[in-house]
Structures are given as structure tokens and as C-alpha cells.
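Have a look at the structure below, then the notes.
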């Protein structure tokens, strides 16, 4: 197999560090295990971030996400853990991770976790006529 699950998150230099811009990454096939039953949980992850000096490399993100396939975790815990690992790897100006879990026992769960660098101020939104 050419690739395997990995907890390693590789990065590359931000090509435009002088500019605030948003990177959005959609991961529609996240899987982990329910810590109570051991049954699979499925979610769509949406990562949005404003990079500082580093961006996350997509293949590394893919194998990182894959590494959770056989791990049991509560939705809240795993969302915050993934955000923490991504923040540690990239040190962004801002990062938001939204995890929309599929139905379990008739209940849908969405967990949103955010990080904001202390020195970063979001730009004022532009409203066009």
C-alpha cells in the first residue's frame, strides 16, 4: 500500500503570509469508533483557517484523518483533539473545525471548535452594493 494512516501533519510555507486569506478544506469521509459500542461513527469535517507562516499539506491531512478510523472517541473530544493538533502544526491566525456527525440513535451531532491567535484581528467584512 503506497500510503498508511499517520498522526504526522506535514506543512509547507504560506505563499502569501502578508495577506489574510481563508483556506477551506472539506473532508466528507471521516470515520472513528463510538467509545461505548465500538460501532463506526461517520462525519464530514470542514476545516477553515487563516494561515500565518505554515499551511497544512493535504496528503498528510488525509493520512492523519485516516488514522482515527480505529479509535474510539466522543465527538466533542475528537473534534477538539484534531483542532489542537492542526493548530500545533500550523500556528494559524485563525482556525475553525466543524464536525458534522451522521445520525446515531436518532440524534445528529455537530461540534464546532475554534482557535484565534492572540495577536490576530479579523478584517472588517466588505459589503458590496
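Numbering (the numbering used here), first residue to last: 1319 to 1447.
Quick reminder that beta carbons are idealized off the backbone N, C-alpha and C, glycines included.
If you're wondering where the values come from, they're calculated on a predicted model, not measured in any experiment.
Looking at the structure shown, is residue i part of a helix, part of a strand, or coil, going by DSSP?
i: residue 1399; result: helix
i: residue 1436; result: coil
i: residue 1446; result: coil
i: residue 1418; result: strand
Please indicate yes or no: does the CB of residue i lie closer than 7 angstroms to some heavy atom of the ligand ATP?
i: residue 1414; result: For the ligand ATP, the structure offers nothing, since it holds no ligand at all.
Taking residue i as the reference, which of the options has the closest Cα?
i: residue 1414; options: 1377, 1338, 1433, 1357; result: 1433
i: residue 1357; options: 1439, 1346, 1388; result: 1388
Applying the 10 Å Cβ sphere with the 16-neighbour rule, what's the burial state of residue i?
i: residue 1395; result: exposed
i: residue 1448; result: Residue 1448 cannot be examined here, being either before or after the span of the chain that is shown, 1319 to 1447.
Is it the case that the Cβ atoms of residue i and residue j are separated by a distance below 8 angstroms?
i: residue 1327; j: residue 1391; result: no
i: residue 1398; j: residue 1361; result: no
i: residue 1409; j: residue 1347; result: no
- beta strand (DSSP E) runs contained entirely in the segment 1340-1386, provided each spans 3 or more residues: Taken in chain order, the unbroken stretches of beta strand (DSSP E) that lie wholly in the segment 1340-1386 and span 3 residues or more are 1341-1351, 1358-1368, 1372-1374.
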